[in-house]
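Peer 1:
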Amino acid sequence: MPTKRPRARRTTIGVALAAGLSALLTALTASPAAAAVVFADGFENPAIAGDFTEYAAGQQFGPWTVTTGTVGLTRDWEAAEGDQSLDLNGFSPGAVARTLPTKLLTTYRVSYALAGNPDNGPLVATGRVTANGQVIDSFSFDTTGHTPSAMGYVYRTIYFTNVLSATTVLQFASTTQDAFGPVIDDVRVESCLLVICPAGAATAAVRVA
């Protein structure tokens, strides 16, 4: 009479394979290494000599180009990462842009730290993020209760899907109409592999031509 040992062995192997596959999927979804970093910058380059250095439209600093108005690299207050952050209102509303290599039909995740200039009392600083001129995020930050040593940075995450272009111009712009506006830091762009996209991220992403 045949025994049931082979069946038990097959069951054991099946359980082991399922457990191994589950562990692999968990590792892939949890590991930051699964993300392909396209660009990362904390506004540390160049290291400024004083507390504030202003740049005007047409000027470059590090990997960024000022596209409108004025912006300023600053050490005047707490940074989200490193020692410097970017004030999107130098002495007027400004914007900065960076051209990124992007692949067709690929979704990208953009994250950045957001705060506001705390030096003029309570205000709501506003701005937007665009990819190839298309708005992918509109933001605001209330500086009430925040100080230069306690900026209260919040991290924002947005997605865009590149449809046609081999490059994408990523731009951060202030829409605050005075000298006190939004502050950004710790910008990261990663290609969104299936193993790191949260559910629905690809379908919710803004499509960029």
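Residue numbers for the sequence shown follow my numbering, beginning at 129 and rising by one.
Just so you know, even glycine gets a beta-carbon here, dropped at the ideal spot from N, CA and C.
Using the rule of at least 16 other Cβ atoms within 10 Å of the residue's Cβ for burial, across every protein chain shown, is P310 buried or exposed?
Peer 2: The residue you call residue 310 lines up with position 182 of the sequence shown. Label assigned to P310: buried.
Peer 1: Measure the alpha-carbon distance for S220 versus R237 and round it to whole angstroms.
Peer 2: Sequence index remark: in the sequence shown, residue 220 carries index 92 (1-based). Sequence index remark: in the sequence shown, residue 237 carries index 109 (1-based). Distance between the alpha carbons of S220 and R237: 29 Å.
Peer 1: Since S213 and D313 are thought to touch, with beta carbons under 8 Å apart, how far apart are those beta carbons, to the nearest angstrom?
Peer 2: As a first step, residue 213 must be located in the sequence shown, where it is residue number 85. As a first step, residue 313 must be located in the sequence shown, where it is residue number 185. Contact holds; Cβ gap of about 4 Å.
Peer 1: Using the Cα positions of M279 and G273, report the straight-line distance between them to the nearest angstrom.
Peer 2: Numbered from its first residue, the sequence shown carries residue 279 at position 151. Numbered from its first residue, the sequence shown carries residue 273 at position 145. Near 9 Å, if we compare the C-alpha coordinates of G273 and M279.
Peer 1: Looking only at its chain, what residues have a beta carbon closer than 6 Å to the beta carbon of E172, apart from the 5 residues adjacent to it on each side?
Peer 2: The residue given as residue 172 occupies position 44 in the sequence shown. Counting only Cβ-Cβ distances below 6 Å, and skipping sequence neighbours, we find G210 and Q212.
Peer 1: Among residues of its own chain, excluding the 5 on either side of L292, which ones have a beta-carbon nearer than 8 Å to its beta-carbon?
Peer 2: Residue 292 sits at position 164 when you count from the first residue of the sequence shown. L232 and A337, listed in sequence order.
Peer 1: Going by C-alpha distance, which of T202, P246, S268 and T303 is nearest P174?
Peer 2: As a first step, residue 174 must be located in the sequence shown, where it is residue number 46. The option with the nearest alpha carbon to P174 is T202.
Peer 1: Among the residues of its own chain, which have a CB less than 8 Å from the CB of A158, if the five just before and after it don't count?
Peer 2: As a working mapping, residue 158 is identified with position 30 in the sequence shown. Note that A158 has pLDDT 40, beneath the 50 cutoff, so the model's placement of it is unreliable and the number below is only indicative. Cβ within range, chain order: n/a, list empty.
Peer 1: Pick out whichever of W205, G255 and R226 has its Cα sitting closest to the Cα of L245.
Peer 2: Taking the sequence shown and counting its residues from 1, one reaches residue 245 at position 117. First, the residue type needs correcting, since residue 245 is Asn and not Leu in the sequence shown. The residue with the shortest Cα to Cα distance from N245 is W205.
Peer 1: Along the chain, where does the beta strand (DSSP E) that runs through T331 open and close?
Peer 2: Reading the sequence shown from its first residue, position 203 is the one you call residue 331. That residue, T331, is in no beta strand (DSSP E); its alpha helix (DSSP H) goes A329 to A332.
Peer 1: On a Cα-Cα basis, can you pick out the residue from P250, F189, P326 and A301 that is closest to Y287?
Peer 2: Here residue 287 refers to the residue found at position 159 when the sequence shown is read from its first residue. For Y287, the nearest C-alpha among the options comes from P326.
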